[in-house]
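The working numbering numbers the first residue of the sequence shown as 31 and each following residue consecutively. Just so you know, even glycine gets a beta-carbon here, dropped at the ideal spot from N, CA and C. Written out below as structure tokens is the structure these notes cover.
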Amino acid sequence: MKVKLRAILISLFIVMVIVSTTSYLFLRVTESQVVVNKIVKIYEVLPEVLPDSERVIKDKEAVKQFTYAVRFADKQPGVVDFTTPGSTNPFQFTLGNKQYYLWVSEHSRQGTLMKLPNRETVYTIGKSRAKTLLEIMNKEYNMKP
31 MKVKLRAILI SLFIVMVIVS TTSYLFLRVT ESQVVVNKIV KIYEVLPEVL PDSERVIKDK
91 EAVKQFTYAV RFADKQPGVV DFTTPGSTNP FQFTLGNKQY YLWVSEHSRQ GTLMKLPNRE
151 TVYTIGKSRA KTLLEIMNKE YNMKP
């Protein structure tokens, strides 16, 4: 009986260590800031950014939302053949040493993400996360929802 209890406790401990380690690695946020620019138009090579639109966001919760948007975005099938998805709010942001395009729709609260330099694949962002990112952008750029 003692051997069985000991085996169960050891197994439970191992499972807890694995779950906590996986959670830590999956949910951690390693960056301390995100740099965002509003995009006027995307060209073949470089986007045209709105002058004086750069924002350096250091709020931990905001950085976490951008990190999770990238980490949990859903890759869409097929090859994208457009430069600007249907949205009125295009942004470019840098998280660490990686750059992304982000489109957030005011009306549908949908989000689309493109991981650069690959301009042929898009990722969708869940509605709640897209809404949160839009709220962050509204605050940073004094836009009215």
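Helix or strand or just coil, what does DSSP make of K161?
Mapped onto the sequence shown, residue 161 falls at position 131. If DSSP states are grouped into helix, strand and coil, K161 belongs with the helices.
Report the three-state DSSP secondary structure of Y98 (helix, strand or coil).
Position 68 of the sequence shown, counted from the start, is the residue given in the question as residue 98. Of the three classes helix, strand and coil, the one that applies to Y98 here is helix, per DSSP.
Please name the residue or residues paired with T60 in a DSSP beta bridge.
Here the question's residue 60 lines up with position 30 in the sequence shown. Answer is none; T60 lacks a bridge partner.
When DSSP builds the beta bridges, which residues end up paired with L143?
Mapped onto the sequence shown, residue 143 falls at position 113. L132 and Y153.
Could you compute how far the alpha carbon of K94 sits from the alpha carbon of K157?
By one-based count along the sequence shown, residue 94 stands at place 64. By one-based count along the sequence shown, residue 157 stands at place 127. Computed Cα separation, rounded: 16 angstroms.
According to the Cβ coordinates, are V65 and T124 closer than 8 angstroms?
Locating residue 65 in the sequence shown gives position 35, where the first residue counts as 1. Locating residue 124 in the sequence shown gives position 94, where the first residue counts as 1. Yes, the pair counts as a contact, with Cβ atoms nearer than the cut-off.
What residues are listed by DSSP as bridge partners for N119?
Taking the sequence shown and counting its residues from 1, one reaches residue 119 at position 89. DSSP lists no partner for N119.
Taking DSSP as the reference, what is the three-state secondary structure of L76?
On the sequence shown, position 46 is the one that residue 76 refers to. Looking at L76 - three-state DSSP - the assignment turns out to be coil, as it is neither helix nor strand.
Hey, F102 and M167: beta-carbon distance below 8 angstroms or not?
Stepping through the sequence shown from its first residue, residue 102 is reached at position 72. Stepping through the sequence shown from its first residue, residue 167 is reached at position 137. Their beta carbons are not under 8 angstroms apart, which means F102 does not touch M167 by this criterion.
Thinking C-beta only, is E136 closer than 8 angstroms to N119?
What you label residue 119 is simply residue 89 of the sequence shown in a count that begins at 1. What you label residue 136 is simply residue 106 of the sequence shown in a count that begins at 1. Against a cut-off of 8 angstroms, the Cβ pair of E136 and N119 comes out as a contact.
What residue range does the beta strand (DSSP E) around V86 cover?
The sequence position of residue 86 within the sequence shown is 56, counting from 1. Counting along the chain, the beta strand (DSSP E) containing V86 begins and ends at R85 to I87.
Between L143 and V86, which are expected to be in contact by the criterion C-beta below 8 angstroms, what is the C-beta distance as a whole number of angstroms?
Residue numbering aside, residue 143 sits at position 113 when the sequence shown is read from its first letter. Residue numbering aside, residue 86 sits at position 56 when the sequence shown is read from its first letter. Going by Cβ atoms, the distance from L143 to V86 rounds to 20 angstroms, so no, they are not a contact pair.
Any idea if N172 is buried or exposed, counting beta-carbon neighbours within 10 angstroms, 16 or more meaning buried?
Position 142 of the sequence shown, counted from the first residue, corresponds to residue 172. Exposed.
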